[in-house]
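Peer 1: Sending over a structure as structure tokens; questions will come in a sec.
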Amino acid sequence: MLFRSCGLIRVSQTSANGLYPTLTNPLGTAIVLTDSADPATAGTTANPTLSHVKIVGSQVGISDGGGLPAAAPGAPSVATVNDVQIVGTGANQRGVEIRDRAGNNATFNFSEMNLRNLTEDGFFVDGTLGSPRVNINDSQIVNTAGSAVYASNLFAPGRVRVFNTQIDTTTGPAVHAFNANLTVDSSAIRKAGSVGVYAEDNSIVQVVDTKIQDVDIGVQGTASAAGSLAQITVNDNFIVTRGTGNGVAISAPNPESGARVNAYIRSEEHTSELQSQFRISYAVFCLKKK
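My numbering puts the first residue of the sequence shown at 8, with every later residue one more than the last.
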């Protein structure tokens, strides 16, 4: 089926037969979570719910279109998306795109998502025009070109939280924060193209109780832009790298510009406390005793 500008529809399957209604839009977005697909026009539908559908071969599987309206004055909308499969079949296909263009700081709760074979990022979250809060729980993201989760220009109160999610095989960093707040908690990352979790420039990233395997670098914090501050917290993780790769890497290639990285690294086995500043990387990291 191909849905284009058809307004609001109810699409769901609540029976236990394992069948999923299947949607496709090879020319655009398969499902928009509000009644405005126009990026310049905010929607009027608050608190949308989507459950138990399959999206195949679409340029974008799910988006928030022109942005969700406030549910009430001062009360952001909450979108709930559960048990959705998004499968790529060709070039330039992304799973989920959230931009909060209406600037209402909406919350998006994704659970039991299954994203496979996408040729762009699995989840793409941008806070240039708003501060969306995106939760990705109990999900699987497998075989993705780019990153499984990419967040950019996302500052408080906006953030992305990845919880109890399995990420397997990406061509880029499995999780990438560029000027963004992001947390990875109780998840598993395997076979990232380069880095398991990458915090870039003015990002605040926490990686907690997560298993990261078969990567060149487990967690990396990099500050390249002048005056930027990347902040990473790495707490109680299990990291296995390929060859002689680093578990945690921090760098600021141009320290004279004021760029720096703050890193808090804690493990149950480490009992020393260290604070150091490197001339090359101009990074500060701490290992704290329990």
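Virtual Cβ for every residue (Gly too), placed ideally from N, Cα, C.
If you draw a straight line from the alpha carbon of I224 to that of T52, how long is it in whole angstroms?
Peer 2: 42 Å
Peer 1: Who are the Cβ neighbours of I93 in its own chain at under 6 Å, not counting the five residues just before and after it?
Peer 2: The beta carbon of I93 sits closer than 6 Å to the beta carbons of I62, G68, G102, L122 from its chain, once the five residues preceding and following it are set aside; these are given in chain order.
Peer 1: Would you say L7 and G72 are within 8 Å of each other, going by their C-beta atoms?
Peer 2: Look at the range of the chain in this structure, 8 to 297, and you will see that residue 7 is not part of it.
Peer 1: Kindly indicate which residue of S65, R108, P139 has the alpha-carbon position closest to the one of E127.
Peer 2: S65
Peer 1: According to DSSP, is E263 helix, strand or coil?
Peer 2: helix
Peer 1: Enumerate in chain order the residues of its own chain whose CB-to-CB distance from D216 is below 8 Å, with the five nearest sequence positions on each side excluded.
Peer 2: D192, S193, N242, D243, N244
Peer 1: For T190, I'd like the list of residues in its chain whose CB is within less than 6 Å of its CB, leaving aside the five on either flank, ordered along the chain.
Peer 2: In the same chain as T190, and ignoring 5 residues on each side of it, the C-beta atoms closer than 6 Å to its own belong to R168, Q213, in chain order.
Peer 1: What three-state label does DSSP hand Y205 in the structure shown?
Peer 2: If DSSP states are grouped into helix, strand and coil, Y205 belongs with the strands.
Peer 1: Between which two residues does the beta strand (DSSP E) holding R140 run?
Peer 2: First-last of the beta strand (DSSP E) with R140: 140-144.
Peer 1: Quick one: measure Cβ to Cβ for D145 and N116, integer angstroms, because I've assumed they're closer than 8 Å.
Peer 2: Their Cβ separation, rounded to whole angstroms, is 11 Å, which puts D145 and N116 out of contact at 8 Å.
Peer 1: By alpha-carbon positions, which one of V149, I211, S159 ends up nearest to A181?
Peer 2: Comparing Cα positions, the closest option is V149.
Peer 1: Quick one: give me the first and last residue of the beta strand (DSSP E) that Q100 is part of.
Peer 2: Here Q100 belongs to no beta strand (DSSP E), and DSSP marks it neither H nor E.
Peer 1: Taking 8 Å as the cut-off, decide whether the C-beta atoms of V158 and T178 are in contact.
Peer 2: Reading off the sequence shown, one finds Ala at residue 158, where the question assumed Val. The answer is no: Cβ separation not under 8 Å.
Peer 1: For I246, collect the residues of the same chain with a Cβ closer than 6 Å to its Cβ; drop the 5 residues on either side in sequence, then sort them by chain order.
Peer 2: I219, G225, G254
Peer 1: Would you report the Cα separation of D133 and S210, rounded to the nearest angstrom?
Peer 2: C-alpha separation (whole angstroms): 13 Å.
Peer 1: In chain order, what residues of the same chain have a beta carbon less than 7 Å from the beta carbon of A232, not counting five sequence neighbours either side?
Peer 2: Cβ within range, chain order: D208, A266.
Peer 1: Which partner residues of L307 appear in the DSSP bridge assignment?
Peer 2: This structure does not reach residue 307, given that the chain is present from 8 up to 297, and the question cannot be answered.
Peer 1: Give the DSSP bridge partners of G228, in chain order.
Peer 2: A206, I257
Peer 1: Of the choices V156, V60, D107, whose alpha-carbon is the least far from that of E47?
Peer 2: Checking the sequence, you will find Ala at residue 47 rather than Glu. Among V156, V60, D107, the Cα nearest to that of A47 is on D107.
Peer 1: Unbroken beta strand (DSSP E) runs of length 3 or more, entirely within the region 65-102: which are they?
Peer 2: 67-70, 85-94
Peer 1: When DSSP builds the beta bridges, which residues end up paired with D175?
Peer 2: V149, R197
Peer 1: What do you get for N111, buried or exposed, if any count of 16 or more other CB atoms within 10 angstroms of its CB means buried?
Peer 2: buried
Peer 1: Since R123 is in the beta strand (DSSP E), which residue starts that stretch and which ends it?
Peer 2: 121-125
Peer 1: Quick check on the burial criterion: 16 or more other C-beta atoms within 10 angstroms. Buried or exposed for A109?
Peer 2: buried
Peer 1: Are the beta-carbon atoms belonging to A237 and T248 less than 8 Å from one another?
Peer 2: no
Peer 1: Counting along the chain, where does the beta strand (DSSP E) carrying S58 start and finish?
Peer 2: From DSSP, the beta strand (DSSP E) with S58 extends over 56-63.
Peer 1: To the nearest angstrom, how far is it from the Cα of P304 to the Cα of D221?
Peer 2: Absent from the structure is residue 304, since the part of the chain shown begins at 8 and ends at 297.
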